[in-house]
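Shown next, in structure tokens, is the structure this report addresses.
Residue numbers (my numbering), protein chains in the order written: chain A, 730 to 1052; chain B, 730 to 1052.
Shown next as structure tokens:
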């Protein structure tokens, strides 16, 4: 059982960066730091290349500003970790899918931060896109990033098989759309000032953040030819991880300061938004996050997949994150 | 040479409306009114079914409001007309593509009308989406409509072949994105109060409206198995038609009243936006639109395709439209 990376499917030079070769690692010396450094390097390099500045009239710059130099890249790492979970090499399709989910996430943040939504001025420690480029340009940058996410998975060369691209794009469209992320945001809008039950709150987050996180895992699984039975376990892992992510987010909104978060702290209370801490109290919310992560890792082990170090590590990361 | 419609590829009942059977028409009795009534009926029925209200918290209603009960459906008609141009039956893939381009168009109008863009209160004779549902919901409805456009072309059943879906989605992503429609809108933003040359103005419109109109024709051509050589002629037809559409739009902005247009007239002058009338004068702009349409129809004839009645009729429609 070895993590190997053959450099991905062949792609035209200068068009599609291939994952760079990794050192083979045996299970005993699997090393999160080495893995995440390598995978983050691939993702950053690919985003730098694929989110290019050549959209006109400053739009490309606004798009790059929204995507580059920041972000934990949790979703791309989930794609890549799931893509190697069955023991296959991580190829170009997975790297494209990894960047595509990050573009969807980035566009949602740009639109979320707009004055008509959360009206936030700080993101990843920098002025938000509309503060830097104006509201209209921020709106267009978000729109163009959504289109680019799909474009990335549909390269003109033959580096992504049509059948795989079809499934990846379908997952992405469903995760992003009215019954996924956008739908969750609509519930969020409608929930301001209301008391939600835990079940209503979880339904909102399952759409708002959970759909894209879970589909990151599933898209990686498709790229990595994970057998269908194991995919069901990965779906459960992704669903639990997504919910845990949001519970931790609510905890951080209360306990962390703005500088550590890189975005405005205490927003939920300020905006009168329901969240897990207001619903169940701080200690209980922290314990709930921990139990969700434990269940996610149980689901991972139940998958029987040979190469799940990185997916375990990402679950631990979600539980322990500080920003 | 007959226009026939076999009802499209098999699709699950209740999931994907198939084009309903048409009366075969011989060239001599080709009838625009019958054709457009039939095709518009198919498009409206499909949009009614596919843009469903089940996105949560009012989002589905806002999406339906943005799409249904209005619009000339020029882009879907271009898809369907191009899809039958080589003499093949119009199937489910073409109807899905037709609706997808309309959803991209509809989302762009919703976002365009927002206060941070054109700040318009009237569209298709009705209050704009943000006036009716609020800015935040309008933003999300636009976002969700873009995702739905891709979803439509990627059905879970086998009604669209993966290779065709790949090409359709790629065309749509490029037409909508930073080097298509969104890029053109960014140029438009940056052009307010500036003098543009005719070439700069045409570049802006080639992206802003031309890319989606031209790709409507090309997506239809892909669905209708138009040979590659003929596709080049259709690309030229689509490009010229797209430009003519915008020149006519600028003429109408000056000569028509708000009630006829169903949207606010005189906007360009009010917003200090460059346009073809301010650049070349009214009579010259009208003559230019006419010459572009003539050239588009020459390109159509040069394609050698057997079934181009509807594409000719749509060119005439663009030239003569009053709203």
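Heads up, the beta-carbon is just placed ideally off N, CA and C, and yes, glycines get one too.
Nothing here was measured: the structure is a model prediction, and the numbers come from that model.
Under the three-state reduction of DSSP, which class applies to residue i: helix, strand or coil?
i              : result
residue 735/B  : With a pLDDT of only 32 at residue 735/B, under the threshold of 50, the placement of this residue in the model should not be trusted, and no figure is reported.
residue 746/A  : At residue 746/A the pLDDT is 46, less than 50, meaning the model places this residue with poor confidence; the figure from the coordinates comes in the next sentence. Note: residue 746/A maps to coil in three-state DSSP.
residue 855/A  : strand
residue 1035/A : coil
residue 837/A  : helix
residue 755/B  : Unreliable positioning characterises residue 755/B in this predicted model, as indicated by a pLDDT of 49, which lies under 50. The coordinate reading is nonetheless provided below. Three-state DSSP puts residue 755/B in coil, outside helix and strand.
residue 872/B  : helix
residue 927/B  : helix
residue 908/B  : coil
residue 944/A  : helix
residue 882/A  : coil
residue 939/B  : helix
residue 980/B  : helix
residue 891/A  : helix
residue 846/B  : coil
residue 784/B  : coil
residue 932/A  : helix
residue 1050/B : coil
residue 971/B  : helix
residue 1041/A : helix
residue 954/A  : coil
residue 1024/B : helix
residue 917/B  : helix
residue 741/B  : Confidence at residue 741/B is low in this model, with a pLDDT of 34, below 50, so its placement is unreliable and the value that follows should be read with caution. Note: residue 741/B maps to coil in three-state DSSP.
Just checking my contact of residue i with residue j at CB under 8 Å: how many whole Å lie between their CB atoms?
i              : j              : result
residue 819/A  : residue 809/A  : 6 Å
residue 937/A  : residue 914/A  : 6 Å
residue 1021/B : residue 966/B  : No, residue 1021/B and residue 966/B are not in contact; Cβ-Cβ is about 11 Å, not under 8 Å.
residue 1044/B : residue 947/B  : Rounded, the Cβ-Cβ distance is 16 Å, inconsistent with contact.
residue 918/B  : residue 786/A  : 7 Å
residue 852/A  : residue 843/A  : That belief does not hold up - the Cβ atoms of residue 852/A and residue 843/A are roughly 11 Å apart, past 8 Å.
residue 939/B  : residue 901/B  : 15 Å between Cβ atoms; not a contact.
residue 815/A  : residue 923/A  : Residue 815/A to residue 923/A, Cβ: 43 Å. No contact.
residue 775/A  : residue 949/A  : Not quite, the Cβ-Cβ distance comes to about 15 Å (not below 8 Å), so this is no contact.
residue 1003/B : residue 925/B  : 4 Å
residue 858/B  : residue 791/B  : 6 Å
residue 962/A  : residue 1031/A : 5 Å
Is residue j closer than 9 Å to residue i when the C-beta atoms are compared?
i              : j             : result
residue 872/A  : residue 886/B : no
residue 770/B  : residue 780/B : no
residue 876/A  : residue 905/B : yes
residue 1041/A : residue 764/A : no
residue 865/B  : residue 952/A : no
residue 804/B  : residue 942/B : yes
residue 772/B  : residue 802/B : yes
residue 1005/B : residue 930/B : yes
residue 888/A  : residue 960/A : no
residue 834/A  : residue 867/A : no
residue 799/B  : residue 854/B : yes
residue 1011/B : residue 980/B : yes
residue 806/B  : residue 836/B : no
residue 891/B  : residue 892/A : yes
How would you list, in chain order, the residues of chain A whose beta-carbon sits under 8 Å from the beta-carbon of residue i?
i             : result
residue 975/B : The contacting residues do not exist; residue 975/B stays about 17 Å from chain A at best.
residue 792/B : 907
Within 8 Å: the Cβ of residue i and any heavy atom of the ligand FAD?
i             : result
residue 949/A : This structure lacks the ligand FAD; in fact it carries no ligand of any kind.
Which chain A residues sit within Cβ distance under 9 Å of residue i?
i              : result
residue 906/B  : 784, 872, 873, 874, 875, 876, 877, 879, 880
residue 972/B  : In chain order: nothing, as chain A lies at least about 17 Å away.
residue 1054/B : Limits of chain B in this structure are 730 at one end and 1052 at the other, which puts residue 1054/B out of reach.
List the residues of chain B that residue i touches, going by C-beta distances under 7 Å, in chain order.
i              : result
residue 898/A  : 879, 883, 898
residue 903/A  : 880
residue 914/A  : 869
residue 824/A  : Simply none; closest approach about 18 Å.
residue 1012/A : By Cβ distance, chain B contributes nothing, its closest Cβ being about 31 Å from residue 1012/A, past 7 Å.
residue 829/A  : Per Cβ cutoff of 7 Å: no residues; residue 829/A is ~11 Å from chain B at best.
Give the interface partners of residue i over in chain A, defined as CB-CB distance under 7 Å, in chain order.
i             : result
residue 845/B : 864, 865, 868
residue 892/B : 891
residue 840/B : 868, 872
residue 789/B : 907
residue 895/B : 883, 891, 894, 895
Which residues in chain B have a C-beta closer than 8 Å to the C-beta of residue i? List them in chain order.
i             : result
residue 832/A : By Cβ distance, chain B contributes nothing, its closest Cβ being about 11 Å from residue 832/A, past 8 Å.
* **Contact the region 878-885 of chain A vs the region 829-838 of chain A: 3+ CB pairs below 8 Å** => The region 878-885 of chain A, when compared against the region 829-838 of chain A, does touch it at the 8 Å Cβ threshold.
* Taking three-plus beta-carbon pairs below 8 Å as touching, is the region 975-984 of chain A in contact with the region 890-897 of chain A? -> With the cut-off at 8 Å, the region 975-984 of chain A and the region 890-897 of chain A do not touch.
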